[in-house]
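In the order they appear, the protein sequences are chains R and E.
Here the first sequence is numbered in the working numbering, starting from 1 and rising by one per residue.
Here the second sequence is numbered in the working numbering, starting from 352 and rising by one per residue.
By construction, the Cβ of each residue, glycine as well, lies at the ideal position given by its N, Cα and C atoms.
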Amino acid sequence: MSRRAAISAPDAPVLVTGATGFLGARVVASLMEHGFSDVRCLARPSSDLERLEAVMRAHHVDVIRGNLLSPDDCERAVRDVAVIYHLAAGTGEKSFADAFLNSVVTTRNLLDAARGSAHLKRFVSISSFAVYTNRDARSRRRLDELCAVEDRPELRGEAYCFAKARQDALVGEYGKARGIPYVLVRPGVVYGPGVTGITRRIGSGAFGIFLHLGGSNVIPLTYVDNCAEAIVLAGIRNGVDGEALNVVDDDLPTSRQFLRLYKTHVRAFRSIPVPRPASYALCALWEAYSAWSEGQLPPVFNRRAWHAYWKGNAYTNAKAKRLLGWTPRVPTAEGLRRYFESLRERGPRVA
Amino acid sequence: MSLRVAIVGCGKIADSHVAQIRRIPGCEVVGVCDREPLMARQLADRFGIARRFEDVGELLAEVVPDVVHITTPPQSHFEVARRCLEHGCHLYVEKPFTLNAGEAEELIALAERRRRRLTVGHDAQFSHAARRMRELVRGGYLGDPVVHMESYYGYDLGNATYARAFLRDPDHWVRKLPAGLLQNVISHGIARIAEFLGGDRAHVIAHGFVSPRLRSLGAEDVYDELRVFIVDERQTTASFTFSSAARPILNHFRMFGSKNGLVVDERQQTVVKLRGAAFKSYAEQFVPPIVFATQYLANTAHNARLFLANDFHMDSGKKHLIAGLYRSIVEGSPAPIPSREIVMTARIMDSIFEQLGDSASLAWRKEGVSC
């Protein structure tokens with residue numbers, strides 16, 4: 001039990017950023033399930049509290065309106081907290097600058113505010129599998145947290161990857177130079193009721209027809225409730241400071257299996273399977289044309305993206321299980337059933 | 352052409368500036384500046400730019416750029432531009448040029464005193480389609496004078512989540528502009544009218560309101576619908592329509608002269624000629640559709656040729672505007688956008704915002720009463 005002991009008591013104040021989001025709201029709910037009674041959420045004035053309402057009906061949640069771009073708001077939010085769960089991030093849908101501003105600058109502000117706190121016991125920064133490069137990993141190999149992170153994330157052509165890689169680096173710098181105890185949690189593809197698109201690891205509908213790029217690759221899914229619990233545990237378990245932890249479920253489907261289930265249970269649509277050598281060739285040609293044409297087509301398909309998403313590597317969750325005592329409580333079959341049911345009710349969107 | 356360029360303001364729009372500057376042979380981005388050092392760093396890192404600064408004064412003193420691109424929020428354009436001009440730099444200022452015509456006139460006067468070139472980021476006027484249209488107008492296709500113009504500028508507020516995020520964030524820099532959303536986006540649509548207006552003044556009648564969609568999202572103070580009527584000293588008239596509600600999202604400019612007309616579709620990059628003379632009898636019902644079909648096919652072929660020639664980038668208008676500015680600096684020729692047009696655009700916008708802000712009828716508009 002001592003090894004599993006919590007670093008802070010359940011009545012210690014904790015802060016959750018991004019609490020109004022798909023994953024953040026589940027983290028707040030999971031904190032409540034773990035007995036935390038003083039949960040503080042920083043939400044932008046523009047944020048909708050809809051996702052938090054179910055939790056707020058049953059528990060007291062302290063919602064502070066503010067913006068992570070404001071150092072004053074950050075100071076106010078972190079005051080006296082023992083654990084910070086930092087989930088807020090830029091999605092990268094608008095631009096590199098926007099993703100960076102809302103992931104890295106905001107994280108810096110939060111870390112600056114936190115470093116003066118004598119109460120802080122852990123800073124849990126939510127990262128992503130998107131930061132892994134996989135370039136040096138053999139196809140089909142199962143990867144752990146030692147997998148290299150993108151050294152030139154700007155070349156991935158993906159603002160989210162760039163921002164998350166820079167955020168991870170910043171958190172590491174603050175941990176080393178300023179002694180902030182941190183954990184990096186890297187979820188795979190978080191899914192569940194509320195997600196409407198299909199991850200690009202499976203394919204892309206950018207050309208008007210769905211190109212199935214994932215083939216027999218195992219898709220690193222993590223059901224939102226499972227992921228939320230792993231995040232909560234990362235904030236309270238002893239002995240994980242400075243660690244990176246992959247969060248991914250067990251018994252995962254291949255891309256082909258997922259697509260078949262999706263078409264059976266949600267909506268039938270036409271897809272074209274693209275074999276792995278062909279997807280590599282597509283990415284290499286696209287990348288070369290983008291460079292030659294000076295960006296007439298943006299480099300959204302490139303070899304770095306292929307290595308990260310379509311090469312066929314799987315990920316292990318052994319470290320998270322070992323260090324956190326975590327296990328995915330919702331089996332993948334049940335998670336997919338709930339997910340597909342919600343899509344049938346709300347209407348799907350193919351990416 | 353060899354110019355040393357600096358960027359002040361490292362947000363979203365700065366990316367496209369750096370990307371297009373790098374396409375102009377001999378020109379180099381030598382420094383970037385942002386009050387937020389991390390933002391300056393991310394831009395410099397991604398594009399391999401050697402120097403980055405937090406302070407404009409340090410940038411100007413240490414890098415000594417020939418040209419500065421100002422890509423900060425509009426509230427700071429005037430002050431940053433003034434400092435750069437006083438330091439002897441030529442300027443590319445993102446739209447809107449300034450917050451009002453008074454500031455625009457002051458900057459232009461300073462640039463003239465210092466013999467510096469400046470331009471404003473109305474890059475849509477330098478797209479392939481816009482430049483083809485200009486050639487036709489200069490070649491006399493419309494006849495003289497221009498009788499009437501119609502400028503349609505549609506705006507997609509995005510899905511409800513994005514719209515709500517913008518609307519509920521009072522700290523968003525667009526919300527903090529004196530005339531809000533309209534001030535940030537309408538200058539493209541106004542400037543293409545101003546280019547063809549005569550004289551220095553125009554009579555403006557404006558009517559603005561909140562669309563039902565924004566009302567349903569709880570926004571009572573963000574005008575996203577605007578209709579404007581403009582008359583210049585020569586009785587050339589123009590209408591401007593800005594709408595977030597109308598579908599399709601139009602980005603059209605229509606010109607009618609004494610001989611013929613032209614329709615430019617900025618989104619589709621097409622230029623279509625409207626023949627002034629009618630065909631005889633039933634031919635008017637059968638020949639023009641064939642002529643239009645032929646024109647659209649020709650537009651498709653033209654766009655395909657540009658794409659294959661590697662000159663059909665999303666920001667190709669920006670590249671041609673920047674290249675035009677740089678050429679004017681090196682050759683001492685006039686800047687690509689005349690100062691008169693910059694000021695006229697600012698004056699029309701001032702007049703629109705003045706009417707929206709002070710109109711006695713605003714109250715009933717807000718209450719949703721119509722007659």
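What does DSSP give as the partner residue(s) for residue i in the beta ladder?
i	result
Ser181 of chain R	With the sequence shown as reference, residue 181 of chain R is identified as Pro, and Ser is not the correct amino acid for it. DSSP output for Pro181 of chain R lists no bridge partner at all.
Asn602 of chain E	E:Tyr504
Ala244 of chain R	R:Leu184
Val329 of chain E	An answer regarding residue 329 of chain E cannot be provided, because it is not within the stretch 352 to 722 covered by chain E.
Glu379 of chain E	E:Arg355
Phe560 of chain E	E:Glu576
Cys384 of chain E	E:Val359, E:Phe404
Please state whether the Cβ-Cβ distance between residue i and residue j is less than 8 angstroms.
i	j	result
Glu617 of chain E	Ser478 of chain E	yes
Val63 of chain R	Ala82 of chain R	no
Ser95 of chain R	Lys446 of chain E	no
Asn313 of chain R	Arg122 of chain R	no
Ser30 of chain R	Val232 of chain R	yes
Ala89 of chain R	Gly18 of chain R	yes
Thr449 of chain E	Ala545 of chain E	no
Ile358 of chain E	His368 of chain E	yes
Glu456 of chain E	Val615 of chain E	no
His428 of chain E	Val407 of chain E	no
Arg166 of chain R	Val104 of chain R	yes
Leu221 of chain R	Asp249 of chain R	yes
Leu442 of chain E	Ile421 of chain E	yes
Asn109 of chain R	Leu155 of chain R	no
Tyr132 of chain R	Ala244 of chain R	no
Leu410 of chain E	Cys384 of chain E	yes
Which bits of chain E does residue i rub up against, with CB to CB less than 9 angstroms?
i	result
Ala97 of chain R	Cys361, Gly362, Lys363, Ile364, Ala365, Asp366, Met390, Gln393, Leu394
Gln167 of chain R	In chain order: nothing, as chain E lies at least about 11 angstroms away.
Arg346 of chain R	The contacting residues do not exist; Arg346 of chain R stays about 14 angstroms from chain E at best.
What does residue i touch in chain E if you count any residue whose Cβ is under 7 angstroms from its own?
i	result
Gly295 of chain R	Ala370, His664
Thr302 of chain R	What sits at residue 302 of chain R in the sequence shown is Asn, not Thr. Chain E residues near Asn302 of chain R: none, gap ~15 angstroms exceeds 7 angstroms.
Leu101 of chain R	Met390
Arg108 of chain R	Leu389
Just how far apart, CA to CA, sit residue i and residue j?
i	j	result
Tyr223 of chain R	Arg355 of chain E	52 angstroms
Arg51 of chain R	Val28 of chain R	10 angstroms
Ile556 of chain E	Ala514 of chain E	28 angstroms
Ala9 of chain R	Lys319 of chain R	24 angstroms
Val397 of chain R	Asn226 of chain R	An answer regarding residue 397 of chain R cannot be provided, because it is not within the stretch 1 to 351 covered by chain R.
Pro639 of chain E	Thr592 of chain E	27 angstroms
Thr254 of chain R	Ala130 of chain R	18 angstroms
Thr264 of chain R	Leu211 of chain R	18 angstroms
Ile541 of chain E	Arg578 of chain E	11 angstroms
Gly505 of chain E	Gln476 of chain E	16 angstroms
Met700 of chain E	Glu682 of chain E	32 angstroms
Ala281 of chain R	Ser139 of chain R	16 angstroms
Ile209 of chain R	Pro13 of chain R	49 angstroms
Ser342 of chain R	Phe22 of chain R	14 angstroms
Pro521 of chain E	Lys527 of chain E	7 angstroms
Gly203 of chain R	Leu613 of chain E	43 angstroms
Compare the Cα-Cα distances from residue i to each of the options and report the closest residue.
i	options	result
Ala268 of chain R	R:Ser255, R:Arg260, R:Lys164	R:Arg260
Ala649 of chain E	E:Gly668, E:Asp666, E:Val622	E:Val622
Met606 of chain E	E:Ser595, E:Phe630, E:Leu389, E:Ala481	E:Ala481
Val171 of chain R	R:Arg344, R:Asp38, R:Thr107	R:Thr107
Glu576 of chain E	E:Phe643, E:Ala660, E:Val681, E:Phe704	E:Phe704
Pro298 of chain R	R:Ala148, R:Ala288, R:Trp306	R:Ala288
Leu751 of chain E	E:His499, E:Asp572, E:Gln646, E:Leu394	Outside the shown range of chain E, which is 352 to 722, sits residue 751 of chain E, and nothing can be said about it.
Arg543 of chain E	E:Leu508, E:Val471, E:Ser702	E:Val471
Gly491 of chain E	E:Ile688, E:Asn661, E:Asn611	E:Asn611
Asn302 of chain R	R:Cys147, R:Glu158, R:Asp136	R:Glu158
Asn102 of chain R	E:Gln393, E:Arg373, E:Ser667	E:Gln393
Thr316 of chain R	R:Leu143, R:Asn217, R:Ile272	R:Leu143
Listing by chain order, which chain R residues have their CB less than 7 angstroms from the CB of residue i?
i	result
Glu379 of chain E	The contacting residues do not exist; Glu379 of chain E stays about 15 angstroms from chain R at best.
Glu387 of chain E	Val105
Asp522 of chain E	Asn67
Run down chain R in chain order and give the residues with a C-beta less than 8 angstroms from the C-beta of residue i.
i	result
Pro424 of chain E	Here the premise fails: no neighbours, minimum Cβ distance about 13 angstroms.
Glu413 of chain E	What Glu413 of chain E touches in chain R: nothing, since even the nearest Cβ is about 23 angstroms away.
Asn661 of chain E	Trp292, Ser293, Glu294, Gln296
Mind listing the chain R neighbours of residue i? Cutoff is C-beta to C-beta under 9 angstroms, in chain order.
i	result
Arg519 of chain E	Arg44, Pro45, Ser46, Ser47, Asp48
Arg552 of chain E	In chain order: nothing, as chain R lies at least about 39 angstroms away.
Could you name the residues of chain E that residue i contacts, counting a contact when the two beta carbons are closer than 8 angstroms?
i	result
Glu154 of chain R	Asp396, Arg397
Lys94 of chain R	Lys363
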